[in-house]
Structure formats: structure tokens, C-alpha cells
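Quick note on numbering: numbering that gives the first Met the number 0 labels position 16 of the sequence shown as 15, and the sequence is numbered without any gaps. Contents: one structure, followed by commentary.
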Amino acid sequence: MSYLIAALLLAALGQVTVKLSLGFKRILPSVLSFGLFGLCIYFLTLSVQYIEVGIAYAVWSGVSIAATTLLGILFFNEKITRRKLISTLLILVGVVIL
Numbered sequence: 000m001s002y003l004i005a006a007l008l009l010a011a012l013g014q015v016t017v018k019l020s021l022g023f024k025r026i027l028p029s030v031l032s033f034g035l036f037g038l039c040i041y042f043l044t045l046s047v048q049y050i051e052v053g054i055a056y057a058v059w060s061g062v063s064i065a066a067t068t069l070l071g072i073l074f075f076n077e078k079i080t081r082r083k084l085i086s087t088l089l090i091l092v093g094v095v096i097l
């Protein structure tokens with residue numbers, strides 16, 4: 000489970016650096032994003048040795064989407080819309096049901 004948590008944290012950080020890279024025009028955030036996503040996939044790969052691949056991937060993708068949405072709202076002043084809120088909550092409910 001700790002490998003999956005590491006993969007989730009790295010995915011969220013990777014998404015932030017993608018945003019900061021401005022379309023991969025800024026070097027440092029661009030390099031960081033590739034490194035963070037590489038580590039993310041490494042830890043996701045380790046996690047599937049202990050968790051079923053379908054469960055691990057569903058949790059990883061769902062929580063990554065929710066975390067990225069939240070980070071966008073908190074740090075990049077992205078709009079909170081009803082559709083975004085409901086969709087994110089439904090994703091999280093689906094992860095919890097798993």
C-alpha cells in the first residue's frame with residue numbers, strides 16, 4: 000500500500016510540474032515532470048506486486064484525478080463548477096466502493 004501512496008504523491012507532483020512547465024517551454028519543471036512521472040510509474044509497478052493490478056490502477060487513476068483537480072483549484076485558481084465537483088466526488092465514491 001505504501002508503494003501506491005508514493006505513486007499517488009508523485010503523480011500529483013508530476014501534474015503540478017506539467018502545469019508549471021507552460022507546455023514544456025520551461026526547462027526545470029519539464030525535466031521534473033518526466034522524472035516524477037518516471038518514479039510514479041516505478042512505484043505503481045511495485046504496488047501491483049502486492050495489490051491486484053485492476054484495483055491498484057483504478058485507485059491510482061481515480062485519486063490522481065481528484066488530487067489534480069483539487070491542486071488546480073487551490074494553487075492555479077481554476078474554477079470550481081458543479082459539474083467538476085460532482086464528477087470528482089463520483090470518482091472518489093467509485094474508488095471507495097472498490
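Beta carbons: idealized from backbone N, C-alpha and C, even for Gly.
In this structure, the straight-line span from the alpha carbon of residue 31 to that of residue 95 is close to 31 Å. Residue 75 sits exposed, since fewer than 16 C-beta atoms from the chains shown fall within 10 Å of its C-beta. Rounded to whole angstroms, the gap between the alpha carbons of residue 59 and residue 67 is 12 Å. For residue 81, the enclosing alpha helix (DSSP H) begins and ends at 81 to 96.
The beta carbon of residue 29 lies closer than 6 Å to those of 20 and 23 in the same chain, with the five residues before and after it left out.
If you check the CB distance, residue 43 and residue 16 do not come in under 8 Å. In the three-state reduction of the DSSP assignment, residue 14 falls in the helix class, which pools H, G and I. The beta carbon of residue 70 sits closer than 8 Å to the beta carbons of 11, 14 and 15 from its chain, once the five residues preceding and following it are set aside; these are given in chain order.
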